[in-house]
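Structure first, commentary second.
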Amino acid sequence: MYDKAMKLCLRYKIFLVSELQVSPINDGSAISFLHLNSFYLTGILSYENLNENNSTLGYTNIKYHVKWIRGVLNKHFAGSSCVLPTVEGVVYTYEGSDTILSHGTLINHNLTVIENCEIGYHKAYTNSSRFCQGKGKWLSNFDKLCFKMCPPLESNSLDIKCSHNGKYANCSNLSLPDTIAIPSCKPTYTTPNGQDDTPLELLCQSNGTWNKQLYRCNSCNCIFLSYYV
2 MYDKAMKLCL RYKIFLVSEL QVSPINDGSA ISFLHLNSFY LTGILSYENL NENNSTLGYT
62 NIKYHVKWIR GVLNKHFAGS SCVLPTVEGV VYTYEGSDTI LSHGTLINHN LTVIENCEIG
122 YHKAYTNSSR FCQGKGKWLS NFDKLCFKMC PPLESNSLDI KCSHNGKYAN CSNLSLPDTI
182 AIPSCKPTYT TPNGQDDTPL ELLCQSNGTW NKQLYRCNSC NCIFLSYYV
């Protein structure tokens with residue numbers, strides 16, 4: 002029976018947690034995590050094997066079943082409501098309110114939800130909202146609102162010139178997607194061995210990462226002479 006249960010757990014992508022400090026009264030006990038002042042369900046108790054010295058609990062990993070759960074909600078429970086979708090970087094609020102609405106919240110028919118972006122994300126459009134048409138259907142302004150920004154570029158040995166859509170950009174701050182950075186060695190530094198003399202060009206990608214890594218220049222211990230005529 003134990004081996005059969007183990008195979009069933011693996012088949013349905015259940016992860017096992019040993020010596021977990023919970024009190025499994027019955028199946029359906031939950032594991033949740035706190036994010037932005039809201040608790041999110043991440044696991045449901047589906048299997049238990051309790052021994053004196055070593056107890057094993059099996060939890061269904063919810064992330065593999067979100068699409069199915071959302072479909073059930075829309076079909077049987079949403080009715081004239083809509084379920085707020087889970088979108089990376091997006092923060093939902095009602096108009097005129099600062100209270101953040103959790104992803105997965107049921108929104109009543111004919112209500113409008115304002116969309117903003119979390120810190121570290123670029124908001125592509127100034128104003129964005131979604132309107133609940135009922136029966137799980139949304140009317141939304143844009144398909145993609147929040148883009149993850151790239152981390153600052155900093156170096157003691159490089160001068161870094163950045164631009165975005167042909168205009169100056171400061172790469173020592175978070176950078177917008179499509180920002181281009183061109184590094185070059187500072188006057189008292191030389192290009193490291195193996196580094197091509199052709200200027201390296203870095204691009205900030207839509208996933209919030211630079212497409213290449215910065216290199217480090219070598220100190221040249223140069224002596225600069227000034228001539229006056």
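Just so we're aligned, residue 2 is where the sequence shown starts under the working numbering, counting upward by one.
We put the beta carbon where it would ideally sit given N, CA and C, even for glycine.
* Have a look at the DSSP bridge pairing and note the partners of L35. => F40
* Asked: Around the C-beta of K145, are 16 or more other C-beta atoms found within 10 angstroms, so that it is buried, or is it exposed?
  -> exposed
* Tell whether a beta-carbon distance below 9 Å holds between I115 and S130. => yes
* Going by C-alpha distance, which of I108, N171, I181, G90 is nearest V84? -> I108
* **For L203, the nearest candidate out of P188, N194, I161, C218 (CA to CA)** => I161
* To do: Could you name each continuous beta strand (DSSP E) segment of 3 residues or more that falls completely within the region 83–159, going from the start of the chain to the end?
  => 91–95, 113–118, 122–124, 130–135, 138–141, 147–149
* Going along the chain, which residues of its own chain have a beta-carbon closer than 6 Å to the beta-carbon of Q1, five neighbours each way excluded? -> The chain is shown from 2 up to 230; residue 1 falls before or after that span and cannot be answered.
* Looking at P193 and C163, is the spacing between their C-beta atoms short of 9 Å? -> no
* Asked: In whole angstroms, what separates the C-alpha of A182 from that of S81?
  -> 49 Å
* Asked: Looking at P193 and the ligand MN, is the gap between the Cβ and the nearest heavy atom below 8 Å?
  -> Ligands in the displayed structure: none, and consequently the ligand MN is not present.
* To do: Assign K68 to one of three DSSP states: helix, strand, or coil.
  => helix
* Spatial distance of G59 from G44 (CA atoms) -> 9 Å
* To do: Check whether the Cβ atoms of S158 and C133 lie closer than 9 Å to each other.
  => no
* To do: Going by CA-CA distance only, name the one from L154, N117, P188 that's closest to T180.
  => L154
* What is the rounded straight-line gap between the Cα of T210 and the Cα of S176? -> 10 Å
* Asked: Tell me, which residues are paired with S164 by DSSP?
  -> Y169, I181
* Distance between N142 and N52 (C-alpha atoms, nearest Å) -> 55 Å
* To do: Output yes or no for whether 9 Å exceeds the beta carbon distance between L42 and S33.
  => yes
* Asked: Considering only the beta carbon of each residue, do K138 and G121 sit closer than 9 Å?
  -> no
* Asked: For I70, which of G97, T106, C151 has the nearest alpha-carbon?
  -> T106
* Would Y126 be called buried (16 or more neighbouring beta carbons within 10 Å of its own) or exposed? -> exposed
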